[in-house]
Amino acid sequence: MNGFMVLCLFIPLIGTGLGSAMVFFLKRNINPKLQKVLLGFASGVMIAASIWSLLQPAIETYQDGSYLKWLIPALGFLVGMAFLYLLDIVIPHIHIDKQEEGIKNNKLSNKFKMMLAVTLHNIPEGLAVGVIIAGCINNTISNEAMLALAIGIAIQNFPEGAIISMPLMEEGLSKFKAFLYGFLSGVVEPIASLLAILLTYFISAILPFTLAFAAGAMIYVVVEELIPEANEGKHSNLATIGLAVGFVLMMVLDIAL
């Protein structure tokens, strides 16, 4: 791995850290309008990345006419979706209504449950970054696509870091401790990324499957978490605009560069 790849490895964690750091600058939670734009933008980036950065390279690995060209990407995608489905069964959801319910109940335990939920939902994003870095090492993925995916996930992680740290501060924790808990929720991402890199590097034959797996996991997060959260309450049109901009930007980066 070169320095640029190492930077991309930690960019999502930087997004979480910046969001958590809002406890030092804001007295209230992040602006709902801005949060919807960011969630929509991240959704668009992740959908486009799943298609052009993950699924398309997985498909193009095999020769035309081979049944593996559609079988392996399809299996990987479905297994990735199933993995997140099982994850959702055993952990709480992180939709806005859950967060607001925790705030109203004034129970720190609810805040830590939310932190656990966000932490576990960061695993597939970390896997996606790791797999795409592994693809970049194997010259299957471009540097631009790797950077764009890392930035898109970092943008999504920004409000997630804030929705952990801000309520914790309101419950009486110091600003530093609230920031620390929010930041720690993102540490799982580079760890998952490193595991994905090591697995794919030593077993390069599974790269098409892991690319599709990461795509399925990311699409599940978008459909199950980001889009419902972005469309909750007022100003959902801002999320739609953000999604369109994020999707087009990622598509242009992947195709033009």
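Residue numbering for the sequence shown follows my numbering, starting at 378 and increasing by one per position.
Glycine included, C-beta positions come from ideal geometry on N, C-alpha and C.
The straight-line gap separating the alpha-carbon atoms of Cys385 and Gly610 is approximately 34 angstroms.
About 7 angstroms separates the CB atoms of Leu572 and Gly507; that is less than 8 angstroms, so the two are in contact. Taking each of Ser570, Asn608, Asn520 in turn and checking the Cα distance to Lys413, the smallest one comes out for Asn608. Secondary structure at Gly421: helix, using DSSP grouped into helix, strand and coil. DSSP places Val564 outside both helix and strand once states are collapsed to three, so it counts as coil.
In the displayed model, His498 falls within a helix according to three-state DSSP. Here DSSP, grouped into helix, strand and coil, assigns Asn520 to helix. A distance of 8 angstroms or more separates the beta carbons of Ser397 and Phe624. For the set Leu497, Ile604, Ile428, the Cα lying nearest the Cα of Val629 is the one of Ile428. Less than 8 angstroms divides the Cβ of Phe454 from the Cβ of Leu432. By alpha-carbon distance to Pro536, the top candidate from Lys410, Met458, Leu584, Cys513 is Lys410. According to the DSSP assignment, Gln433 belongs to the alpha helix (DSSP H) that extends over 433-437. For Val383, the enclosing alpha helix (DSSP H) covers residues 380-397. Between Gly503 and Leu584, the C-beta gap is not smaller than 8 angstroms, which leaves the two residues out of contact. Secondary structure at Asn608: coil, using DSSP grouped into helix, strand and coil. Cβ-Cβ separation between Pro450 and Ala435: approximately 4 angstroms, consistent with a contact (criterion under 8 angstroms). Using a Cβ-Cβ distance cut-off of 8 angstroms, the region 524-532 and the region 596-608 are not in contact, since fewer than three pairs of beta carbons, one from each stretch, lie closer than that value. Look at Phe553 here: in three-state DSSP terms it is helix. Here DSSP, grouped into helix, strand and coil, assigns Phe402 to coil. For the set Met382, Phe381, Lys404, the Cα lying nearest the Cα of Ile540 is the one of Lys404.
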